[in-house]
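Report on one structure; see the data block that follows.
Residue numbers (this note's numbering), protein chains in the order written: chain C, 361 to 530; chain F, 287 to 569.
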């Protein structure tokens, strides 16, 4: 006989606290899975992810790649007959996963670029030249042309411990 | 003249600046004044940044809202991602004093003014429909060439609809109405309203999965005879434009609504910045 895993209500409570407050309302109808454009292309099943979160199966959820296949399109969230705020649950789980060090390198790089430069893409010479040709300011009037503003953004990263968080990836 | 803080974000000013120049020209023609938000940063992007740390995500977004607050204006964005972050954070902070207190503590320590909770965030498609009006767009449109367009709403313009309350999330019409006012026919297609595939950090982490979703949408658009894809988000724009170059098929030109309107209003074509599009635009 197969050994059944014990539910872990402590983990479920943490999910609720982290923003997944509707997780226990789910009655597993599967409308979410049937609506999911990512699940149409992959083995990702939203219903199962929510069930694992309900049962507190931390080790099945946090290290899982499935957690990162949601495009946050909100289709399941819109259609859920129980008002389960599924994207909020996924965001709570992802925040918890990242705190445990589960983050993909391409994501870590994006996060690092924002925390260091204030933007998620770089300003290259060719971008400046094209902006100039279009009659726009070569350097956009953002943190790119305002060092004081950039300092504030960096400071927010420091205060929130964001820099430390993204240094700890695995 | 209505006045808004123009939030630039990242992908538009840095990868598709033609969307920025088109937006500035089109809004000016329609009597909407755009003022630069000096020192604004990334919104920050809802996909990766909200997934990583919601407190940091909210605090950086709140700093952007404070810039608009100081200028005494509401925010206007032409990007679904920026709209999602800034609208949702403004909604949370404008309605939840406890959360505002928590974020303001972080802002204060970083030398940023307190956020008072009064800034509203607008998406330009919603502004065009509700404030400017479809008829004003029709009056300016000189030639839409009667093209058939696949209109791509994206996800975060209308959803989550319980807080955005802009249009029906499953059967929307306001974006189509503006496109049609520009003299272009919006064609129905299978699974219209489906995600482009890029959001939630999927494009960065698993680009192959993102591209599979994009491909399915492209097949449906092509089957409906679409001659152009019209989007209202630079990230969806990037996904369809670069995605087709990667797939080496379809070849359906991609225009952001600002570029389509620029074309219809008879703007100088050089101002649309179409030469950086990876899927050639011959319209």
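Glycine is no exception: its CB is placed at the ideal position from the N, C-alpha and C atoms.
- In the DSSP assignment, residue 363 (chain F) falls within the unbroken beta strand (DSSP E) covering 360-363.
- In the DSSP assignment, residue 302 (chain F) falls outside any beta strand (DSSP E), carrying neither H nor E.
- Residues of the same chain with a CB within less than 7 Å of the CB of residue 390 (chain F), apart from the 5 flanking positions on each side, are 400 and 401 in chain order.
- Between residue 459 (chain C) and residue 421 (chain C), the alpha-carbon positions lie close to 13 Å from each other.
- The C-beta of residue 397 (chain C) has 16 or more other C-beta atoms within 10 Å across all chains shown, which makes the residue buried.
- The three-state secondary structure of residue 420 (chain F), taken from DSSP, is helix.
- Separation of the CB atoms of residue 318 (chain F) and residue 342 (chain F) is rounded to 32 Å, and the pair is thereby denied contact status at 8 Å.
- Note that the C-beta distance between residue 353 (chain F) and residue 544 (chain F) is not below 8 Å.
- Rounded to the nearest whole angstrom, the CA to CA distance from residue 516 (chain C) to residue 365 (chain C) is 41 Å.
- Per the coordinates, the alpha-carbon of residue 439 (chain C) lies some 16 Å from the alpha-carbon of residue 450 (chain F).
- Closest in alpha carbon position to residue 355 (chain F), among F:314, F:315 and F:406, is F:406.
- Interface criterion not met: the Cβ of residue 489 (chain C) is under 8 Å from no Cβ in chain F.
- Contact between the region 446-466 of chain C and the region 330-345 of chain F is present: three or more C-beta pairs spanning the two stretches fall below 8 Å.
- Of the residues assessed, residue 311 (chain F) falls on the buried side of the cut-off, its CB having 16 or more other CB atoms within 10 angstroms.
- Residue 407 (chain F) has F:361 as its beta-bridge partners, per DSSP.
- Distance check between residue 489 (chain F) and each of F:464, F:480 and F:521 places F:521 closest, using alpha-carbon atoms only.
- Assignment of residue 289 (chain F) by DSSP, reduced to helix, strand and coil, places it in the strand class.
- Residue range 460-467 is occupied by the alpha helix (DSSP H) that includes residue 465 (chain F), with no beta strand (DSSP E) assigned at that position.
- Residue burial annotation: residue 401 (chain C) is buried, with at least 16 other C-beta atoms found within 10 angstroms of its C-beta.
- Uninterrupted alpha helix (DSSP H) stretches at least 4 residues long and entirely within the region 319-367 of chain F occur at 340-357, given in chain order.
- For residue 331 (chain F), the chain C residues whose Cβ falls inside 8 Å of its Cβ are 470, 474 and 480, in order along the chain.
- Of the candidates F:519, F:507, F:360 and F:325, F:325 places its Cα closest to the Cα of residue 346 (chain F).
- Considering only F:550, F:434 and F:534, the residue with the shortest C-alpha distance to residue 509 (chain F) is F:434.
- Taking C-beta atoms as the reference points, residue 403 (chain F) and residue 379 (chain F) count as a pair closer than 8 Å.
- Proximity to residue 513 (chain C) across F:569, F:350 and F:553 peaks at F:350, based on C-alpha coordinates.
- Sequence-ordered contacts of the region 336-360 of chain F with chain C read 336, 337, 338, 339, 340, 341, 342, 345, 346 and 349 [C-beta pairs closer than 8 Å].
- Apart from the 5 residues on each side of it in sequence, residue 453 (chain F) sits with its Cβ closer than 6 Å to the Cβ of 444 and 460 in its chain, given in chain order.
- Residue pairing for residue 438 (chain F): DSSP places it in a beta bridge opposite F:517.
- Identification of residues in the region 419-438 of chain C having a C-beta nearer than 7 Å to some C-beta of chain F yields 428, 429, 430, 431, 432, 433, 434, 437 and 438, given in sequence order.
- In this structure residue 485 (chain F) is in contact with residue 433 (chain C), their Cβ atoms being roughly 6 Å apart against a cut-off of 8 Å.
- Secondary structure at residue 472 (chain F): strand, using DSSP grouped into helix, strand and coil.
- Counting the other CB atoms within 10 Å of its CB gives residue 466 (chain F) a total of 16 or more, which places it among the buried residues.
- A straight line joining the alpha-carbon of residue 309 (chain F) with that of residue 548 (chain F) spans about 8 Å.
- For residue 483 (chain C), the closest Cβ of chain F is nearer than 8 Å.
- One thing to note: residue 559 (chain F) has its Cβ within 8 Å of the Cβ of residue 490 (chain C).
- In this structure, the beta-carbon distance from residue 408 (chain F) to residue 473 (chain F) does not fall below 8 Å.
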